[in-house]
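Per the working numbering, residue 6 is the first one in the sequence shown, and the count goes up by one each step. Note that beta-carbon positions come from the ideal geometry of N, C-alpha and C, so glycine has one too. All remarks here apply to the structure that follows.
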Amino acid sequence: MMRDAARYSFTWHSTQRYDEVYDYFKFHIRSVVGKYRDIFGCSNLGVCVAYLHDVVEDTDCELYMVRSNFGNDVADAVDAITKRNEETRAQYIERCKSNGYARDVKICDSIFNMEYSIKKGELERAAMYAKQIERLMK
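Here's what the structure looks like:
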């Protein structure tokens, strides 16, 4: 199932760029998956969620498609980690925390974004991600 999630994510993110420079899948998605494995281990469901964490939010993929391909547990976590336009950042973080896989993947996603912000010298943005990580861990 992990390989299927990787292929699925690669396909949906194939035309996207991270920061207009990097291949989104290779640079961002794989990095978040690597952080997940380093921190939380190789849970099949968790790694699948890490691969799929941006697929509904950032592409035309819809949640029912994730559910039909990967089942309820993965889809529920992807749903929890998908930011909605109408919600505040605080509401979003609380929803991420409501699902263990979503929370853990969002921590890894936030670590990646914090590190990248530091590398770019965007320290205020990095501090925002540090606070987000703290809120996710409470």
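Would you kindly work out how many angstroms separate the C-alpha atoms of residue i and residue j, rounded to a whole number?
{"i": "residue 86", "j": "residue 73", "result": "18 angstroms"}
{"i": "residue 37", "j": "residue 117", "result": "7 angstroms"}
{"i": "residue 8", "j": "residue 127", "result": "34 angstroms"}
{"i": "residue 88", "j": "residue 75", "result": "20 angstroms"}
{"i": "residue 108", "j": "residue 137", "result": "11 angstroms"}
{"i": "residue 71", "j": "residue 35", "result": "18 angstroms"}
For a quick check, are the C-beta atoms of residue i and residue j less than 9 angstroms apart?
{"i": "residue 95", "j": "residue 140", "result": "yes"}
{"i": "residue 39", "j": "residue 106", "result": "no"}
{"i": "residue 93", "j": "residue 18", "result": "no"}
{"i": "residue 68", "j": "residue 13", "result": "no"}
{"i": "residue 61", "j": "residue 82", "result": "no"}
{"i": "residue 133", "j": "residue 112", "result": "no"}
{"i": "residue 119", "j": "residue 49", "result": "no"}
For the candidate residues the options, whose alpha-carbon lies nearest to that of residue i?
{"i": "residue 29", "options": "114, 88, 104 and 45", "result": "114"}
{"i": "residue 55", "options": "33, 66 and 70", "result": "33"}
Taking the DSSP output, what are the residues bridged to residue i?
{"i": "residue 23", "result": "27"}
Within the segment 38 to 66, ranges of the alpha helix (DSSP H) (whole runs, at least 4 residues) = Counting only runs of 4+ residues, the alpha helix (DSSP H) found wholly inside the segment 38 to 66 occupies 49 to 57 and 60 to 63, in chain order.
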